[in-house]
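Visitor: Numbering follows the working numbering, with no gaps: position 30 of the sequence shown is 61. Pasting in a structure now, in structure tokens, and then I'll have a few things to ask.
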Amino acid sequence: MLRYLFYIIILIGWPALAQAHVFYISITKVKWNAQHERLDISVRIFTDNLEEAVAEDGGPLLKLWTDKEHTESDLFIADYLKSRLHFRVNEKEVDLEYLGKADALDATACFFQIRGIKDVKKMDVENSILINLYDTQANVVRFEVKEEKKFINLNKKSTRGAVDF
Numbered sequence: 032m033l034r035y036l037f038y039i040i041i042l043i044g045w046p047a048l049a050q051a052h053v054f055y056i057s058i059t060k061v062k063w064n065a066q067h068e069r070l071d072i073s074v075r076i077f078t079d080n081l082e083e084a085v086a087e088d089g090g091p092l093l094k095l096w097t098d099k100e101h102t103e104s105d106l107f108i109a110d111y112l113k114s115r116l117h118f119r120v121n122e123k124e125v126d127l128e129y130l131g132k133a134d135a136l137d138a139t140a141c142f143f144q145i146r147g148i149k150d151v152k153k154m155d156v157e158n159s160i161l162i163n164l165y166d167t168q169a170n171v172v173r174f175e176v177k178e179e180k181k182f183i184n185l186n187k188k189s190t191r192g193a194v195d196f
């Protein structure tokens with residue numbers, strides 16, 4: 032129960048974390064949309080950390096949310112995140128489709144979908160976002176399927192996890 036309380040505080044307190052930025056975290060939300068047979072996915076990352084990660088990966092300086100933003104920033108963000116965020120649904124590899132991004136205070140919210148998901152019984156995730164940059168990086172993944180919510184906390188020592196529904 033305390034574990035879930037921690038995650039709820041993290042999710043609710045994101046704006047306060049953005050102001051302080053005292054530790055490194057990404058929050059990924061995965062929600063099954065039964066009506067449209069897809070997974071809707073959002074990834075929130077501190078903007079400065081995302082820019083640093085893309086540059087460290089060989090990409091340009093993105094300068095997100097400024098008038099000097101790189102014209103292909105979406106391409107570089109999608110490539111970076113898709114290389115570090117992988118899902119299996121019901122033991123089957125699935126592909127992320129990048130939809131876009133939005134400004135979220137000091138963070139950037141990135142949106143993906145996975146189509147053709149008729150039912151969800153099990154989800155595996157591998158999340159190594161920012162792991163190579165920060166030893167204390169935490170990647171929280173929140174799943175919501177059929178109104179059931181589950182959380183996984185991933186880090187440098189453990190970048191993979193699975194949940195059953």
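Think of the CB as a built atom: it goes at the ideal place given N, C-alpha and C, for glycine as much as any other residue.
Please go through the same chain and pick out, in chain order, the residues whose beta-carbon is closer than 6 Å to the beta-carbon of PRO91, but skip the five residues on each side of it.
Guide: So the list reads HIS101, once near-sequence residues are dropped.
Visitor: Please report the residue range of the alpha helix (DSSP H) in which ILE108 lies.
Guide: Here the alpha helix (DSSP H) through ILE108 covers 104–115.
Visitor: Would you verify that the beta carbon of VAL176 is, or is not, closer than 8 Å to some beta carbon of chain C?
Guide: You won't find chain C in this structure, because it holds only one protein chain.
Visitor: Would you say ILE108 and LEU81 are within 8 Å of each other, going by their C-beta atoms?
Guide: Contact: yes.
Visitor: Got a sec: does the ligand NAD put a non-hydrogen atom nearer than 7 Å to the Cβ of LYS94?
Guide: In terms of ligand content, the structure shown is empty, and the ligand NAD therefore cannot be addressed.
Visitor: Give the secondary structure of LYS180 by DSSP, where H, G and I count as helix, E and B as strand, and everything else as coil.
Guide: LYS180: strand per DSSP, three-state reduction.
Visitor: Cβ of VAL61 within 8 Å of Cβ of PHE142?
Guide: Not in contact: VAL61 and PHE142 (Cβ atoms no closer than 8 Å).
Visitor: Helix, strand or coil for GLU68, going by three-state DSSP, please let me know.
Guide: GLU68: coil per DSSP, three-state reduction.
Visitor: Can you tell which of LYS177, GLU179, ASN158, ASN163 has its C-alpha closest to the C-alpha of VAL171?
Guide: That would be ASN158, whose Cα lies nearest to the Cα of VAL171.
Visitor: Which of helix, strand or coil does DSSP assign to LEU164?
Guide: It is coil, neither helix nor strand.
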